[in-house]
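One structure is given below, encoded as structure tokens.
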Amino acid sequence: MCTSTSTSTTPTEPNPAPSAQTFPSTEAFLAAITPGMELCTSDFTGWAQVENVSRGPVPSVRGRRRSDSQIVEVPAGELIDLRGGHCVRIDRVRATIDQQGWEVRRADDVAD
31 MCTSTSTSTT PTEPNPAPSA QTFPSTEAFL AAITPGMELC TSDFTGWAQV ENVSRGPVPS
91 VRGRRRSDSQ IVEVPAGELI DLRGGHCVRI DRVRATIDQQ GWEVRRADDV AD
């Protein structure tokens, strides 16, 4: 299962690994994701907590990054599977996850 950590170490997949739950469509996958689930890297590191799911023109999952409480929005196409009923895996390893540009700018950060 995912481990909640903000260190740069790369954990290994747990033994035995929880079975991957996959879905027939993006819509079905997004319907299974609920607030409070963990957004995990492909190498099973807990990275952010799910806050909500957007099914808009670009479906995505919005979460709060554990390391600094920054809001992030991960495009649905970057999601791999659901593990253990709570770990939504993202197609990125821990070493690169913070460099994707998925941060959501706050309204007070935007210039007029």
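Reading the sequence shown from the start, the letters are residues 31 to 142 in this note's numbering. Even glycine gets a Cβ: it sits at the ideal position worked out from N, Cα and C.
Let me check one thing: in DSSP terms, what residues is residue i bridge-paired to?
i, result
"T191", "It is not possible to answer for residue 191, since the shown part of the chain is limited to 31 through 142."
"S90", "S84, P105"
"T71", "Note: T71 sits in no beta bridge, so no partner."
"I120", "L109"
Can you tell me which of the options puts its alpha carbon nearest to the alpha carbon of residue i?
i, options, result
"P89", "W77, P105, S97, V80", "P105"
"I63", "S97, I110, R124, D73", "I110"
"I120", "Q51, P54, D73, P65", "D73"
"P65", "T126, V91, T71", "V91"
What are the start and end residues of the alpha helix (DSSP H) that includes residue i?
i, result
"A61", "56-62"
Between residue i and the rest of its own chain, which residues show a CB-CB distance below 7 Å, the 5 nearest in sequence each way excluded?
i, result
"T35", "With a pLDDT of only 49 at T35, under 50, the local geometry of the prediction cannot be trusted, and no value is derived from it."
"A78", "L69, G93, R94, R95, R96, V102"
"A50", "D111, R113"
"F53", "F59, A62"
Over what stretch of residues does the beta strand (DSSP E) that includes residue i continue unbroken?
i, result
"R135", "No beta strand (DSSP E) holds R135; DSSP gives it neither H nor E."
"P105", "101-105"
"R96", "From DSSP, R96 is part of no beta strand (DSSP E); its letter is neither H nor E."
Does residue i pass the burial test, meaning 16 or more other C-beta atoms within 10 Å, or should it be called exposed?
i, result
"L136", "The displayed chain sequence assigns Arg, not Leu, to residue 136. R136 is exposed by the Cβ-count criterion."
"T56", "exposed"
"R85", "exposed"
"V83", "buried"
"A58", "exposed"
Leaving out five residues before and five after residue i in sequence, what residues of the same chain have Cβ atoms less than 6 Å from its Cβ?
i, result
"V134", "I101, E103"
"M67", "V80, H116, V118"
Spell out whether any CB of chain C is found under 8 Å from the CB atom of residue i.
i, result
"R96", "Protein chain content of the structure displayed is limited to a single chain, and chain C is not contained in it."
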